[in-house]
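Numbering (the numbering used here), first residue to last: 581 to 951.
Working notes for the structure below.
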């Protein structure tokens, strides 16, 4: 009997060592922790469901929901006491109640559909040249909110190919991991807004120094085609796309290495577009490569649908790309009722993935999940 128990213990230990504890997580958006009262209520709500990991948004729109020496305090906290630190409070309550906390940060999403903040320390005012350029070479910061909306953009993006942006994001990751007892660092908006962006001066200069071609000239297909032929044009276009993908990959890789150097046990993950082909080709987000290259501990494809069969098919397909241990499935809880979501969770768990992550706490509150 003792021998059987010992064998079972060893098997369980090895399984957890290789695969890690199953993640049963939930995304918590910044405005759901912008008041201490909300945080206490949220922690009570968590006890109603089988959740073990909280992914809390602490860096968004280039502002901090924690005490930062690098970026300004979030405008979400304007009406709270100056010493209120949402990340610190969540961690304290989570550790008390047995939850893990992953700090969720938005990388290239610089600002939303709102008037820019007045703070001189905000990136929009301190480094406007860090914003990405469109296919005319125009910096997004020069456009109005109405124009950004008309262009079909979610907001104002920073330039992934700007080395100063990459260094800035590494500093944010370092600051959080060094100063807070987090169990993970979770990255989001690790992509270009679309493939026809990235034509700002800093990016073009860097590409020209390496390839001796101004990528903006690729927008006028006739010139390069007439001078060098269609084959040369498509070859240069491919190099430009690969080069931009590499810039995003470098950011992911360097943040991963930075975090592991500080605290090797901290899990590094990334939320990604569920369609890997669309992500790679149109948004220059090569997340399958990141997972296979061990630049992240796991990826979270955002598979938001109320179609249980579709979730099962997409999960199986994604397992084929990255493996079970690298996959945590992002489920859109806000889209569906409890019974349907439960079926999706059962499907994901049955396929023995690393776990699931629900979007989002606020959306579930609105649908009455915690009533």
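Note that CB positions come from ideal geometry on N, CA and C, so glycine has one too.
In this text, all values refer to a predicted model and were calculated from it rather than measured experimentally.
In this structure, DSSP gives residue 612 a helical state, which the three-state scheme calls helix. Taken through DSSP and simplified to helix, strand or coil, residue 760 comes out as coil. Where residue 910 is concerned, the enclosing beta strand (DSSP E) starts and stops at 908-912. Each of 788, 834, 837 and 852 was checked against the Cα of residue 823, and the nearest Cα belongs to 788. Pairing residue 738 with residue 690 gives a Cβ-Cβ distance under 8 Å. Three or more pairs of CB atoms, one per stretch, sit closer than 8 Å, so the region 819-837 contacts the region 745-758. Look at residue 683 here: in three-state DSSP terms it is strand. Using a 10 angstroms sphere on the CB of residue 702, the tally of other CB atoms reaches 16 or more, which defines it as buried. Counting along the chain, residue 944 sits inside the alpha helix (DSSP H) bounded by residues 941-946. Cβ-Cβ distances below 8 Å link residue 895 to 883, 907, 909, 927, 928, 931 and 933 in the same chain, with the five nearest sequence neighbours on each side left out; the list follows chain order. In the pairwise beta carbon analysis, the region 672-686 is classified as touching the region 762-776: at least three pairs are separated by under 8 Å. Within the DSSP bridge table, the entry for residue 768 names 686 as partners. Nearest neighbour of residue 950 by Cα position, chosen from 720, 751, 631 and 766, turns out to be 631. Residue 703: member of the alpha helix (DSSP H) spanning 703-706, first to last residue. DSSP places residue 899 in the uninterrupted alpha helix (DSSP H) bounded by 888-902.
For residue 795, no alpha helix (DSSP H) encloses it, and the DSSP letter there is neither H nor E.
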